[in-house]
Every structure is written in structure tokens, then in C-alpha cells.
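Under the working numbering, the residue at position 62 of the sequence shown is numbered 72, and the numbers go up by one with no gaps.
Structure record follows, encoded as C-alpha cells.
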Amino acid sequence: MKTQLLTAVAVAALGAGLTGCKPKDVGSAVAGDAAEKVYVAPGKHDEFYNIVSGGFNGQMAVYGLPSGRLLRIVPVFSAFPENGWGFSEETKPMLNTAHGFVPWDDLHHISLSQTNGEHDGRWAFGNGNNTPRVARVSLATFRTEEILELPNSGGNHSSPFLTENTEYVVASTRFSVPPDNQGDVPISTFKQNFKGYISFIRVDKTTGRMGIAFQLKMPGISFDLARAGKGKSHGWFFFSTYNTEQANTLLEVNASQKDKDFILAVNWKKAEEYLKKGQGKTIPARYAHNVYDDKTHQATSTIENEVVTLDPKECPGVAYFMPCPKSPHGCDVDPTGEYIVGSGKLAAVIPVFSFDKIQRAIAGKTYDGSFDGIPVLKYESVLYGEVPKPGLGPLHTEFDGQGNAITSFFVSSELVRWNIKDLKVLDRVPTYYSVGHLSIPGGSTKKPWGKYVVAYNKITKDRYLPTGPELAQSAQLYDISGDKMKLLLDFPTVGEPHYAEAIPASLVEKNSVKIFKIEDNASKYATKGDKFTRVEREGNQVHVYMTAIRSHFTPDNIEGVRLGDEVYFHVTNLEQDWDVPHGFAVKGSTNAEILVMPGETQTLKWKPDRVGVVPIYCTDFCSALHQEMQGYVRVSAPGSTVKLTWGTGKNPEAQADQKVAAR
Ligand code: RUQ
Ligand code: CUA
């Protein structure tokens, strides 16, 4: 069978249409009862949490569905002034990498943790695309708890994807690169020296702690996206790849030479067996592993030095390539685990592969040669069928749990629903415009929750009030409960939405942390009561052990700081009530501000740059007397004899006899 490829003309049109096209009946397609379906009355809660990647902002954002209300921005790979992420001394180590402090990255995909192939409401994982990393966010605190850097990778796009019990988070490299420790090679030696590493990251069942279990050393091709097998195909993993031409320049042309690329099938259980037998090879590597502890309220960054790799060429049965019409993007596995959908961006059909047929082709060795030592299975022998003429530019597929798939089409700007068994198109609906990812609540799991699909669009043009050259990014909510998909709502998103997942609120809200218990605060800088407040000098460092409670700081007057000192304000918020943070700011601080949750300790480092009296204040409106929550720090000239004094409610001069910390 010869795969239908787009004609040259169509490909050119597709290229010209890479900005996508605008559907005709713009704005007229809203269902009559749409308002009612998305209206969440004041004081009422949404039915789903929608955790959405922020793309180039490096964050995740949390929206309620069906209202589309923005509930929270969770900083992950980017410093975030709203809550001091990457600014407080406690959080800075989270953005450390083998390259040093990286304050901004690009986050594309969300994976919510699973047990038995279903959402368990514990963690959200996200990928750092530029400086390859994987992050784990707690759904109890909505904070990033862990970030693991990935060696031997360039462009961590095909990431993070989970196995059905969150045994592994899997991340593969978009740009093949020479291994980190053998990097100085001519770029033209791509075919010999460049490799495509796939990282299998283990996740501790109880704590969620990650660690690289092993890396599969694949030939130098580009990995785009992936999904784990589930149910019958648990133990397998499927990856879309492109640039199987192995070009290293002008990929636009040079990586469009063949009519097919590959989907890679990996038997990771078999890989585990080889590892047990000692087939793994430990190689040197340098990568950061950062963990935030919400008892010590402190992040630590450790540099790791080695990684275990496995070469599938030496491990028969671990890896197989399956030809797939050109440049597959999404590679999605249906809820039963039997069907694997490849979405070839440049193909005129959607190929659907069968897990059973893959197994038979492997058993019967129905090969079509090999690629760099790895068997290639015959296309026809693994293909279940093709969805004919589905639309232009298929990208991603999700499942509704009713035996149907919904695929997003970037070029023709639409969502198309089709039946997985008979591969017939059932329904299509326009998006405004140029949809990228789509998400059905639970649509990537064994148990989709159905009900809605959200389209995450690349272009908004005239959908909202204009805001200069940069427009609001956008998501659109559709009702999929009936035969016809119906547009219900547009809602703007922060950053550029890529993949997202939605989970019933009931699985998450019950675990939400309200405060940090002050008695559990194990920060070495904690001040658990006003009587422990103090200011200590250690050489040119001044440590202020400070408390915040409505509506004052203790101490709020400090004298004896000298120009040339580094001042560390360790602020402990003594409140034990939900929703009473205090902020802390110092005039002229080049390190911004901090925000401190109840029971937490956070540190602002400040280097005064002039002599004078500097105000400090609380930045979060915490009470009717918030505006009174302020104080002063006196900075004297170097060598000054002003004693280190502090207090609240009395003038420091009156405490001149107070013990002066060692100089
Ligand atoms: S990709 S628009 Cu970065 Cu997830 Cu498909
Ligand atoms: Cu504390 Cu305002």
C-alpha cells in the first residue's frame, strides 16, 4: 500500500498556511444555551481544574472549567514576581542548572500523575524545553517541588509522558546531539556522532522523588511527542519522530525527503530486564537535581555526575521502528491501549496502528529492513487503518471514552471527531484559530471524564479587544456530550497554551493545603514567636530573624547596618489562618520582594547601596491596618560605631544596652 501523501501543491499551500487559516463563519457558531452551560454562579466552584502549560512563559496556569476563570499561575521554570519564585533565597536553587541560574524557560506539556491509568490528583509534571528539565508540581500546594535536569539532550520537547502507574516520566530529545562528554565533533558527522537520548525517570510512589533510571541511546533523529501504552500495551511506549533523514541543516527541505518517518515502539519492561542483567553502561554526565522541601521551606540543588545508558542495538526486543506518514506530531494511545494514532502534519490521512498487529509483526519478524541497527516493522503489518481526508495539518488526538477520538487540525483550524473502530469522521467544528493542542478531561488516560474538549489556539486575531501588537492567547471550550460538538466559550490564557490536562475538582480540592503548620517549620532561619526575634552580625553579613503577624513586623526598627553589609531578612509569617500571607519589601532592593505564606519562612537578601534610612513594608493587603505594617532600617557608613539594635514598639536607642552580636 502506498501512503497518500499531499501533492507538492498542497504541501506548498500548507507551508503558506503555516500561520493557519481563519474559518469562514467566525463568531456565529455559539450554541444557544452556551451561557448557561459555562455560567458558574458567584461563590460556586468549577467542576474541573484545568492545568495548562504556559509555553514560552515557563509556567503552568490553573483555570476552572467550565467557567474558564484563571485561578492560579504556578511558576515552574521561570522566576515569578507574584510570589517571589526565583527571588527568595529559599527558591533560587530551584532554577539552578549545570549551566548556572536560568530564570526563564519554555514549558510545553502537562502530565497529571496516574494510578492504574487514571488520574490520582497528586502531581502535575511539566517539561523545560530549552534547558532540558522535568518538573514535578504538587497538587496539594500548587507549588513546584522538584526539577530534574536531563543530560545528553537538546530541546526536551517530547516530554513529560507518564506510564500508567507513574512508574516513569519519560522525556526524549527533540534535537539529537553528541553525548555531553563527546561534544566536540564536526556538525557534518551528524549520522555517526549525534544521538537521540530518551530518559526514563523513575518516580518514588510515596514522595514523588525523581531520578534518571536510565537513558536509551537511540540513533540521531528528532523526537517530537510520545505516549505510554496502557492496559494491554502497558510496558510499551510510543514516540513520534521526524528528521529520519538525519539532516543537520535546512531541515525544512532536507528533513522532508522521504515519504515516511517513524513511530518508535519501546518495550521498557524488556529494557528493565537488560538493566537487571547488567547491560547498562554508566557514563559521566553533569546535571542539576533540585528539590523544594515544604518543611524546611528550602530548596537544594545537587549536581549529579553520571547516568546509566542502554544501547538498544545491544538489547534485541527493546526497540522497533514503525513507518508513519511524514512528520508525525502527536502520537496518542486510546483508552484501551490497542490503538496508536500518529498525526502526520504533512500527511493526508491519519494512520492508526494496532498493538496486537505490532505484537504479531514482531513475533513473525515482519521487517522492512532496519534503521541504524534497529528493526523496522512493515507499515502494512502494523497498520490498523487510515482515517481518510480528515482535515489539514493534524496535530494531536484525545479520546472521549465513548469509542471516539478528536483530532486537532492546525491548518484547517478545526476539531474533528472520528470513530476509532470504523475510522469514519463523525463531526467537525471550527476553532478560532489554528488550534494546536486539545484536551478532554482525562482524555489521555484509561478513563476519560469526557463532557468537554478544550482547544488551545495559536492565533486569536480579532477574538478579543486588541492590546497592541501582542494579543491575548486563547482557549476555547466545546461541549462534546451530544452528537455535535458545540462551542461554548472563549477564554484568554496566560503565555501560549500547549498541552493541558483537566481533572475533576473532587480529586484535588480535598487535599489542598491551607497553611504550613508553624510547629512543623524546620527552616534553620525560622523565628517561631516574637521572643525569638533578633538581629545577628556575622562578619559583613547581617541576619534579621523577623516575624510577621497582623499587622506588624518584629523587629520593625533596625540600626547598626553598614554600607558593604549583606542583609538577610528571614521573615517568618506567624499566621495560622488560611489566606493570610504577608509580603516584605525594602526600598531599592535589586532582588525585588518576597511573599510569605502562613507558617512559612522566606528570605530576602539585600545589599544596601547608600547611607540613609530605608523603609520596609508589607506588600500584601493583610488587614485593615496593613498600611501600618511598615518599618525602617538605618544604614550607616562603613566603619561606623552605631550599635546593632532592633525592636518593635520601642525606640532602638532605648535598647542601646542590648547585647551586640559578635562583630
Ligand atoms: S507541541 S502544538 Cu510543543 Cu506540544 Cu503540538
Ligand atoms: Cu502584612 Cu500587609
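Each residue gets a CB set at the ideal place from its N, CA and C atoms; glycine is no exception.
Proximity to residue i [Cα-Cα], best of the options
i      : options                           : result
Pro189 : Tyr302, Pro458 and Phe204         : Phe204
Pro361 : Leu393, Ala532, Phe381 and Glu348 : Leu393
Ala275 : Lys494, Gly327 and Ala181         : Gly327
Pro507 : Asn60, His55 and Pro52            : Asn60
Tyr443 : Ser422, Gly138, Glu100 and Leu433 : Ser422
Asp540 : Arg560, Pro404 and Gln551         : Arg560
Glu396 : Phe363, Ala51, Lys280 and Phe631  : Phe363
Trp133 : Asn521, Leu635, Ile528 and Leu573 : Asn521
Gly221 : Thr199, Tyr178 and Asp194         : Tyr178
Asp378 : Lys102, Pro333 and Leu158         : Pro333
Arg572 : Val590, Ala647 and Asp500         : Ala647
Gly598 : Tyr627, Asp589 and Ser123         : Tyr627
Ile350 : Thr441, Gly492, Asp194 and Ser250 : Ser250
Asp8   : Ile293, Ala357, Pro398 and Asp366 : What is shown of the chain runs 11 to 673, which leaves residue 8 out entirely.
Asn137 : Ser148, Gly68 and Asp303          : Gly68
Ile528 : Val62, Asn191, Gly593 and Thr611  : Thr611
Glu128 : Phe135, Glu174 and Val50          : Glu174
Lys215 : Asn126, Val552, Gln369 and Gly659 : Asn126
Val445 : Val552, Trp114 and Asn467         : Asn467
Lys375 : Gly347, Ala358 and Phe331         : Phe331
Thr407 : Lys355, Gln192, Pro385 and Ala634 : Lys355
Gly206 : Leu117, Asp382 and Ala309         : Asp382
Leu117 : Pro91, Pro103, Ile83 and Leu149   : Ile83
Asp115 : Met70, Glu424 and Gln289          : Met70
Asp56  : Ser88, Lys242, Gly78 and Asp194   : Gly78
Met104 : His307, Phe420, Ser337 and Phe542 : His307
Residues that residue i bridges to, as DSSP identifies them
i      : result
Trp656 : Ile568
Val179 : Leu172 and Ile211
Ile626 : Val596 and Gly641
Thr125 : Glu128
Phe563 : Ala558
Phe501 : Ala485
Gln551 : Glu548 and Glu576
Leu448 : Ala465
Gly110 : Thr107
Thr151 : Thr151 pairs with nothing; no bridge assigned.
Trp133 : Ser148
Asp342 : Val351
Ala510 : Val62
Lys615 : Tyr578
Presumed contact (8 Å Cβ cut-off) between residue i and residue j, rounded CB distance
i      : j      : result
Ala108 : Tyr297 : 5 Å
Lys461 : Ala41  : The pair is not a contact, with the Cβ atoms about 14 Å apart (cut-off 8 Å).
Ile525 : Gln586 : 6 Å
Ile430 : Gly413 : 6 Å
Pro608 : Asn583 : 5 Å
Ala295 : Pro161 : 4 Å
Ser484 : Leu405 : Not quite, the Cβ-Cβ distance comes to about 16 Å (not below 8 Å), so this is no contact.
Pro76  : Leu487 : 6 Å
Leu158 : Ile211 : 6 Å
Ser449 : Tyr389 : The Cβ separation is near 29 Å, so there is no contact.
Pro440 : Asp410 : Actually they do not touch by this definition, with Cβ atoms about 19 Å apart.
Gly65  : Gly492 : Not quite, the Cβ-Cβ distance comes to about 31 Å (not below 8 Å), so this is no contact.
Ser123 : Asp130 : 5 Å
Asp630 : Leu654 : Not confirmed; about 28 Å, so no contact.
Length at least 3, wholly inside the segment 351 to 436: the beta strand (DSSP E) runs in chain order: 359 to 364, 377 to 381, 384 to 387, 393 to 398, 404 to 409, 414 to 419 and 424 to 429
Inter-stretch contact (C-beta, 8 Å, three-pair minimum) for the segment 339 to 349 and the segment 237 to 248: yes
The segment 535 to 547 / the segment 313 to 324 touching (three or more Cβ pairs under 8 Å): no
Every unbroken beta strand (DSSP E) inside the segment 207 to 255 [3 residues or more]: 220 to 229, 232 to 238 and 246 to 252
Continuous alpha helix (DSSP H) assignments of at least 4 residues falling wholly in the segment 270 to 332: 278 to 286
Any beta strand (DSSP E) of 3 or more consecutive residues that is wholly inside the segment 54 to 103: If we require 3 residues or more, the beta strand (DSSP E) runs fully inside the segment 54 to 103 come out as 58 to 63, 69 to 75 and 80 to 85.
Cβ contact (3+ pairs, closer than 8 Å) linking the segment 607 to 627 and the segment 573 to 590: yes
Cβ pair count under 8 Å reaching 3, the segment 459 to 477 against the segment 257 to 265: Segments in contact, no.
Any 3 or more C-beta pairs closer than 8 Å across the segment 95 to 111 and the segment 142 to 162: yes
Cβ contact (3+ pairs, closer than 8 Å) linking the segment 174 to 194 and the segment 215 to 234: Cβ pair count under 8 Å is three or more, so yes.
Contact between the segment 554 to 569 and the segment 629 to 642 (3+ Cβ pairs under 8 Å): Yes, since at least three Cβ pairs between the segment 554 to 569 and the segment 629 to 642 fall closer than 8 Å, the two stretches touch.
Three CB pairs or more closer than 8 Å across the segment 156 to 169 and the segment 262 to 273: no
Inter-stretch contact (C-beta, 8 Å, three-pair minimum) for the segment 212 to 230 and the segment 109 to 116: no
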